[in-house]
Every structure is written in C-alpha cells, then in structure tokens.
Amino acid sequence: MTTQSFLPNTTKSFIVLYFSLFISICCAPVLLAQDKMEIVDAFADYTASAREVIHVHLNKSTFIKGEAVGFTAYVFDKKQKMPALLTTNLYLSLEDEQQNPVKQQLLKVENGVASNVFILDDAFKTGTYTLKAYTNWSRNFKEHNYFSANIEIIDPQTDKSISYERVENALDAQFLPESGHLLADVVNKIGVVVKDPKGYGVPNATGEVFNSKNESITTFQLNHLGIGNFVMIPSLGDRYRIVLTHRMKEFSFLLDQKTEPVGLTLATATLGKRLFINVKTNSRSFDQLKNRNYKLSMHNGDFMQASDIWFDESLTVTRVIDLDELSPGVNVFTVFDPNNRPVAERLFFNYQGLPLASADDLHQKKVRDSLRLTLSYDSIDPNAFSNLRVSVLPSKTEAYRHN
-6 MTTQSFLPNT TKSFIVLYFS LFISICCAPV LLAQDKMEIV DAFADYTASA REVIHVHLNK
54 STFIKGEAVG FTAYVFDKKQ KMPALLTTNL YLSLEDEQQN PVKQQLLKVE NGVASNVFIL
114 DDAFKTGTYT LKAYTNWSRN FKEHNYFSAN IEIIDPQTDK SISYERVENA LDAQFLPESG
174 HLLADVVNKI GVVVKDPKGY GVPNATGEVF NSKNESITTF QLNHLGIGNF VMIPSLGDRY
234 RIVLTHRMKE FSFLLDQKTE PVGLTLATAT LGKRLFINVK TNSRSFDQLK NRNYKLSMHN
294 GDFMQASDIW FDESLTVTRV IDLDELSPGV NVFTVFDPNN RPVAERLFFN YQGLPLASAD
354 DLHQKKVRDS LRLTLSYDSI DPNAFSNLRV SVLPSKTEAY RHN
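Here the sequence shown is numbered in the numbering used here, starting from -6 and rising by one per residue.
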C-alpha cells in the first residue's frame, strides 16, 4: 500500500511509504511517517476483507394484494467497485411491522445480479412491510451491509386505499453539524432533516433560529424532501431555539448540539471542478493547535491517502483539489489529531467521473395497442455483461414513492 499527497502544499513535504522500502531520516519526520503509517495501516487492515453491498430495484412502492413485487438485486464488491462475481446466494425476507418474516427467498446470483418476484397472497394484509436482502458474507461484519426498503400493501377487501395525509401534530427534526459538532466563535453549517411521524419528509417548511435572548439569528427553508441547512456562529454558553413553520403551524425545537469551546471543524465547498476543504479553529484553540501536526485523510472505502496540516499563522487551513483527482462517488475526509484520534469528519459525494451510461438515442413507435421503445447505448461494450431493469408505470402514478 502507498500513501501519497492528494492535496497541494508548497511548504510541507509529503512522505511516501512503501512496505518494501525503509528510509532512515531524522527523528521528527520518522515520527510523522509512523503516525501516518499507523492510520493507513489500520485502514488497510479494516478493508483487507472484501465487503459486499446489496441494492435492490423494486418495480413499485405501493401494491394491491394479489399483485407481484418485482425486483432486481445487485451485489457489489465494495473494494473493487464491481459486481461481486464470487457471490452465489442471496437471501431475501419480506417482513411485517413487527419484523416477523412473512415470505422468504433464496436466489442464485449470477454476475452479481438476481431477479424474481414476491406474490402478495393471503398471507398479507393492509400495512407497511420491509424487504431485506443480504448475503451470508455480508453478515460477517459489524456494519449493516444489508439492503432494506419499505413497501405499502393494500388489501381491497378491508381497505380501499392507504392515506398519505401528513400528521400535523408532531414533527421529527434532526439538526446535524457539518463536522459532527459545533465549535464556538466560527461559522458552522448545520444540516436539517424534518419528517412527520409516518417517516415522510416535510416539504418546503421554513425555519428561524433564535438565541437565548430571543433574538433572530438566521432563517432557512427546506426543499421538497424536507431537507435544508443553515449557517451560524454559535457562542459558548448560549442556547438556541429553532422554530419550524409548516402549514400555518409552528413547532419549536432546541438545538441540542453542545458547543465546544476548543477544537476544529471540517467543511467542504465546490467551485467549478474544484473542491475546497477548510479546517477551521477559533482563537481560543489556536495556542493549543499551533505548530502541532494534524493529519487530513481521504478514503473511498478502498484506499486511503493522508497529508499533514498545520495551524501556523491563520485560524483556517484550506486545501484545494480537483474533482477529477477524487474518486467518483462517496469520499470520506477525516481530521486526526497528533495522537491519531479522529476529531472531525465529512462525507462528500463526487459526481465527477461517475461511470453513468445514458441512452444516446431513443426511438418510440406505436404498434397497435403497444409502444415499442428502442434504446441505443454507444458507451456500453456489447461483449461485456450488462443489465437493464425497466419498470413501466403511469406518469402520474401514486404507486412509486422511492427515490
């Protein structure tokens, strides 16, 4: 395994470590190299065993009793970012609200793909059910690598429909600081996720943040999925209240995140095709952090890269990296203190370089009572394995609520 610089730094040199090469240099750089090696080696040990990730495409999310739940399951090798070719068995379980299995299947996986249906027979009644999919290998690890999705089933003998009306007397609101914690006297970004008691996002609600003196600090608005964010500079010892307004009603919440007096935050922002990574601290922390070697790491679930960061003169350390140099998909940035303890972390999704295949041409032709579609994919290798999953529903259907 190799560690290398992934962030430009003109004042600090990076140390490249090879298992087969040992370099004798002065004490301080050796200690820094050992620190980096400990982090990267620990990550290498963690990822040494292959992980399998399962995803299932469902044809709908709401079904009438008697219909079939059609699905295609994909099993991926998390390390290789490719279909898990060694996997042969996939277990699926359709469970009721008490997590009791109603129906189960064992499918053969070929080229990382398996397809089948669940027939919704007399074993089902109106309610919410959960489809779970997993392999034997995925159950060997602490993290939950199985797939889970909810579906709604309607028994027309007892119910004509399932009501999706929002419950307005209570909201579940989560306020999530970008670095996992709040730091006093610096700009903090806080993510907001608001759901009703049925688990549906509360769309387009507005929010206002007040301090302990009941002074308005900032405002924000959620999107159609009930997700948003706001920025603020928290003060040590102050308490903050957030008022959400939804359908002419107000809901009050306390920002229960503790404001830390000392520490640092990690934030990311994109501009064009570049990612800006900002590690910030406050004046109260500066003397403790000054000239101490912190490390910024990045990994994508497969390999890790690490670099040194120092608070020499400024309260903010900024690194810039081209999105083309990042792995496509999820990248995890973590700041480690001089004792190799993680103190801040941020997930960033890189859309740049995602291997997406779009139809280069689409033709449709009506043949009697049918519609014939012709899709052309010039970017797909006809000699390689490919799989296409299609679900055809009316354009204004209420039966598909998955993202």
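Just so you know, even glycine gets a beta-carbon here, dropped at the ideal spot from N, CA and C.
Helix, strand or coil at residue i according to DSSP, with G and I counted as helix
i	result
E318	helix
F15	The pLDDT assigned to F15 is 30, lower than 50, so where the model puts this residue is not dependable, and the model offers no usable value.
L368	strand
F296	coil
N133	helix
R232	coil
P348	coil
H356	strand
A142	strand
R312	strand
S172	coil
E90	coil
T151	coil
H217	coil
N271	strand
F117	coil
Q250	coil
F326	strand
G256	coil
V23	Its pLDDT being 37, under 50, V23 is placed unreliably in this model, and the coordinates cannot settle the point.
A417	Residue 417 cannot be examined here, being either before or after the span of the chain that is shown, -6 to 396.
Y287	strand
E161	With a pLDDT of 48 at E161, under the threshold of 50, the predicted position of this residue should be treated as unreliable, though the coordinate-derived value follows. Coil.
Close beta carbons around residue i, own chain, < 6 Å, minus the five adjacent residues each side
i	result
W130	E45
S205	D231 and R232
F117	K58 and I146
P94	S86 and E88
A166	V187 and F246
I18	Low local confidence applies: a pLDDT of 29 at I18 is under 50, so the model's placement there is unreliable, and no value is given.
H356	T367
F244	L164 and L237
L319	N343
L175	N181, P227, Q250 and T252
T199	Q214 and T238
Reference residue i; option with closest CA among the options
i	options	result
E208	R232, F223 and K191	R232
N82	K101, F140 and K72	K101
A107	D301, H395 and L78	L78
S379	L99, G105, Q91 and I47	G105
G63	V49, M75, K71 and D70	V49
P331	L289, L366 and Q150	L289
P321	L349, T252 and A337	L349
R394	L51, G221 and S363	L51
I373	T252, E201 and D353	D353
G173	S351, I302, I112 and K251	K251
Q298	S276, E306, V272 and T327	T327
F134	L99, A43 and V224	A43
Beta-carbon separation (whole angstroms), residue i vs residue j, contact threshold 8 Å
i	j	result
M181	T258	Sequence inspection shows Asn at residue 181; the Met mentioned does not correspond to that position. 6 Å between Cβ atoms; contact.
G219	V236	The Cβ separation is near 16 Å, so there is no contact.
M291	V325	7 Å
E90	T65	Wrong, their Cβ atoms sit about 25 Å apart, outside the cutoff.
Y127	I47	6 Å
R339	E171	6 Å
G184	N222	5 Å
A142	E253	Not a contact, Cβ separation roughly 37 Å.
Residue range of the beta strand (DSSP E) that includes residue i
i	result
L100	P94 to K101
K188	N181 to K188
R339	P335 to N343
A77	From DSSP, A77 is part of no beta strand (DSSP E); its letter is neither H nor E.
M241	First-last for M241: undefined, no H or E at that position.
V415	Residue 415 cannot be examined here, being either before or after the span of the chain that is shown, -6 to 396.
D70	A61 to D70
I112	V106 to I112
I47	E45 to L51
G200	T199 to F203
T55	T55 to I57
Sequence-distant residues of its chain with Cβ nearer than 7 Å to residue i (five each side left out)
i	result
I16	Model confidence at I16 stands at a pLDDT of 29, short of 50, so the residue's coordinates are unreliable and nothing is read from them.
A392	K53, S54, T55 and L386
F304	T274, F279, L282, K283 and V310
P149	I57 and K58
R285	P331
R382	H50 and T65
L229	A177, T252 and P254
N- and C-terminal bounds of the alpha helix (DSSP H) containing residue i
i	result
L282	S276 to L282
Cutoff 8 Å; reference residue i; Cβ partners in own chain excluding five residues on either side
i	result
D317	K266, Q345 and G346
Q281	V255
P76	Y67, V68, F69, D70, N104, G105, V106 and F378
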